[in-house]
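Participant: Taking my numbering, the leading residue of the sequence shown gets 435, the next gets one more, and so forth.
Heads up, the beta-carbon is just placed ideally off N, CA and C, and yes, glycines get one too.
Quick caveat: nothing in here was measured; it's all calculated off a predicted structure.
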Amino acid sequence: MAHKYKRLAEKYPMRRAVITGAAAGLGKALACELRQDGWSLLLIDQDAEGLAELEREFESSTAEISSAAIDVADDRKLSAAIASFCDRNGGVDLLVNSAGIGLAGFSDEAKAEDLRKVFEVNVIAPAVAAAAVLPYMRRSDCGHVLNIASAAAYHCLPWIGGYSASKAAVVALTENLCAENHGSGVTASVMVSAFFQSSMSKYTIGATLAKERTAGLMAMSKLTARDAAVLTLRGVEAGGPYVFIGSQARVIYWIKRWLPRVWLRVARRLSEKAYAEADAIIASGAARAS
435 MAHKYKRLAE KYPMRRAVIT GAAAGLGKAL ACELRQDGWS LLLIDQDAEG LAELEREFES
495 STAEISSAAI DVADDRKLSA AIASFCDRNG GVDLLVNSAG IGLAGFSDEA KAEDLRKVFE
555 VNVIAPAVAA AAVLPYMRRS DCGHVLNIAS AAAYHCLPWI GGYSASKAAV VALTENLCAE
615 NHGSGVTASV MVSAFFQSSM SKYTIGATLA KERTAGLMAM SKLTARDAAV LTLRGVEAGG
675 PYVFIGSQAR VIYWIKRWLP RVWLRVARRL SEKAYAEADA IIASGAARAS
């Protein structure tokens, strides 16, 4: 068959992938892209109905499609599901840590239980999943770990401090994987993007306006989850530790890196403008929280 992602298929001819957060948003879009290229997939999500619907969509696939309806915060179940897939398929080529939740609210509104939850899902779960696949990848000296972060990892905009901290940790985890496995056939990368159209608002906790404003921010973007999925996989094919999606994420990264004081001075003004526009979109009915 002709492969859309030819370089990935050539590098990983067995085409075996584990995807967390696979029932919706970016995770689902990535699963659809890889399924069309004949990858065997383990789809992980706590949304059992969403997984069942996705499996029905994939019924015609000749490759193995299996699912595990679990909360990625349950590290034992997550590790066991991944190990079972790897044992059945003789290993794994690609891990996509796409499961994630949002957290919104100013610093004096932060609740300890919300902070714990966002770090369990956004940081600890990817680390646990990576730990589960690495022995298989190192055994074959081949494999790739793709973590999904956000421009929030470095743009430090007000109102999303807890979420930003979790995504900064995801970037650090990825860089550590790159350093640990340098010179081997095991690689890692982190996808970094600004907002795009996805199901994130449904999985955002925190302040009263959290879901509504997140939906408005996503509606401001013309980029769909499928667009982001295609660009992400192209970025993995290109190689390198960072996969930037959209010019905004890349520009903010370089401004923050080279002119950090300037960026911190303008961050609040930019965020106030963006939040006002997002709130207006919600008020107009052009978008709504899931």
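1. Per DSSP, Gln480 forms a beta bridge with which residues?
2. Go ahead and label Glu483 buried or exposed: buried means 16 or more other beta carbons lie within 10 angstroms of its beta carbon, across all protein chains shown.
3. Here's a check: name, in chain order, each residue in its chain whose Cβ is nearer than 6 Å to the Cβ of Lys601, leaving out the five neighbours to either side.
4. Thinking Val604 and Pro560 are a contact (beta carbons under 8 Å), I'd like their distance in whole angstroms, please.
5. Could you have a look at Ser495 and say whether DSSP puts it in helix, strand or coil?
6. What's the gap between the Cα of Leu442 and the Cα of Arg660?
7. Taking the C-alpha atoms as reference points, what is the distance between Gly650 and Ile715?
8. Return the residue from the list Gly577, Ser494, Leu488, Ile516 that minimises the CA-CA distance to Arg449.
9. Between which two residues does the beta strand (DSSP E) holding Ser627 run?
10. Which word fits Ser633, buried or exposed, when buried means at least 16 other C-beta atoms lie within 10 angstroms of its C-beta?
11. Beta strand (DSSP E) containing Tyr676: first to last residue?
12. Sorted by chain position, which residues of the same chain lie with C-beta nearer than 7 Å to Ile504's C-beta, five sequence neighbours on each side aside?
13. Could you tell me which uninterrupted beta strand (DSSP E) segments, each at least 3 residues in length, are contained entirely in the stretch 592 to 668, listed from first to last along the chain?
14. Report the residue from Lys551, Ser574, Asp508 whose alpha carbon sits nearest the alpha carbon of Lys445.
15. Counting C-beta neighbours from all protein chains within 10 Å, is the total for Ser494 16 or more, i.e. buried, or is it exposed?
16. Quick one: grab the DSSP three-state call for Arg450.
17. Quick check: the Cα distance between Asp713 and Arg703, rounded to an integer number of angstroms?
18. With C-beta atoms as the reference, is Val624 less than 7 Å away from Leu529?
19. How big is the Cα-Cα spacing for Glu671 and Thr496?
20. What is the DSSP secondary structure of Ser518, reduced to helix, strand or coil?
21. In the DSSP assignment, what residue or residues form a beta bridge with Ala502?
22. Quick one: does Arg469 have its CB under 7 Å from some CB of chain B?
23. With a CB to CB cut of under 7 Å and the five nearest residues on each side skipped, what residues in its chain are close to Gly539?
24. Measure how close the beta-carbons of Gly461 and Ala533 come, nearest whole angstrom, since I'm counting them as under 8 Å.
25. Run the proximity test for Ser633: is its beta-carbon closer than 6 Å to any non-hydrogen atom belonging to the ligand ZN?
26. Looking at C-alpha atoms only, which residue of Lys551, Ser501, Leu591, Leu475 is the closest neighbour of Lys707?
27. Tell me where the alpha helix (DSSP H) around His437 begins and ends.
28. Can you tell me which of the three DSSP states Leu528 falls into?
29. Applying the 10 Å Cβ sphere with the 16-neighbour rule, what's the burial state of Glu547?
Facilitator: This is what the structure gives:
1. If you number the sequence shown from 1, residue 480 lands on position 46. DSSP lists no partner for Gln480.
2. Numbered from its first residue, the sequence shown carries residue 483 at position 49. Classification of Glu483: exposed, given that the 10 Å Cβ count is below 16.
3. The residue you call residue 601 lines up with position 167 of the sequence shown. Within the same chain, Lys601 has close Cβ partners Ala583, Ser584, Ala586, Ala587.
4. Locating residue 604 in the sequence shown gives position 170, where the first residue counts as 1. Locating residue 560 in the sequence shown gives position 126, where the first residue counts as 1. Val604 to Pro560, Cβ: 6 Å. Contact.
5. Within the sequence shown, the letter at position 61 stands for residue 495. It is coil, neither helix nor strand.
6. Here the question's residue 442 lines up with position 8 in the sequence shown. Here the question's residue 660 lines up with position 226 in the sequence shown. Approximately 18 Å between the Cα atoms of the pair.
7. As a working mapping, residue 650 is identified with position 216 in the sequence shown. As a working mapping, residue 715 is identified with position 281 in the sequence shown. Taking the straight line from one Cα to the other gives about 6 Å.
8. Residue 449 sits at position 15 when you count from the first residue of the sequence shown. Measuring from the Cα of Arg449, the nearest candidate turns out to be Gly577.
9. Within the sequence shown, the letter at position 193 stands for residue 627. Counting along the chain, the beta strand (DSSP E) containing Ser627 begins and ends at 620 to 627.
10. Mapped onto the sequence shown, residue 633 falls at position 199. Per the 10 Å Cβ criterion, buried.
11. Here the question's residue 676 lines up with position 242 in the sequence shown. Tyr676 -> beta strand (DSSP E) spans 676 to 679.
12. Numbered from 1 along the sequence shown, position 70 holds the residue referred to as residue 504. Ile478, Gln480, Lys511, Leu512, Ala515, listed in sequence order.
13. 620 to 627, 638 to 640
14. Along the sequence shown, read from residue 1 onward, the residue named residue 445 stands at position 11. If we check each option's Cα against that of Lys445, Ser574 comes out closest.
15. Position 60 of the sequence shown, counted from the start, is the residue given in the question as residue 494. Ser494 is exposed by the Cβ-count criterion.
16. Taking the first residue of the sequence shown as 1, we reach residue 450 at position 16. Three-state result, Arg450: strand.
17. Translated into positions along the sequence shown, residue 713 becomes position 279. Translated into positions along the sequence shown, residue 703 becomes position 269. The alpha-carbon atoms of Asp713 and Arg703 are separated by roughly 15 Å.
18. Here residue 624 is taken as the residue at index 190 of the sequence shown, counted from 1. Here residue 529 is taken as the residue at index 95 of the sequence shown, counted from 1. No.
19. Indexing the sequence shown from 1 puts residue 671 at position 237. Indexing the sequence shown from 1 puts residue 496 at position 62. If I take the Cα positions, the gap works out to 24 Å.
20. For the purposes of this step, residue 518 is taken as residue 84 along the sequence shown, with counting starting at 1. Here Ser518 sits in helix by DSSP.
21. Within the sequence shown, the letter at position 68 stands for residue 502. Paired residues: Ile478.
22. Structure shown: chain B not included; a single protein chain is present.
23. Counted from its first residue, the sequence shown places residue 539 at position 105. Answer for Gly539: Trp593, Gly640, Ala641, Ala644, listed in chain order.
24. As a first step, residue 461 is located in the sequence shown; it is residue number 27 there, counting from the start. As a first step, residue 533 is located in the sequence shown; it is residue number 99 there, counting from the start. That belief holds up - the Cβ atoms of Gly461 and Ala533 are roughly 7 Å apart, short of 8 Å.
25. You won't find the ligand ZN in this model; it holds no ligand whatsoever.
26. Translated into positions along the sequence shown, residue 707 becomes position 273. Of the listed residues, the one whose Cα sits closest to Lys707 is Leu591.
27. Residue numbering aside, residue 437 sits at position 3 when the sequence shown is read from its first letter. No alpha helix (DSSP H) contains His437, which DSSP labels as neither H nor E.
28. The residue you call residue 528 lines up with position 94 of the sequence shown. Looking at Leu528 - three-state DSSP - the assignment turns out to be strand.
29. The count along the sequence shown starts at 1 and reaches residue 547 at position 113. The residue is exposed, with fewer than 16 neighbouring Cβ atoms inside 10 Å.
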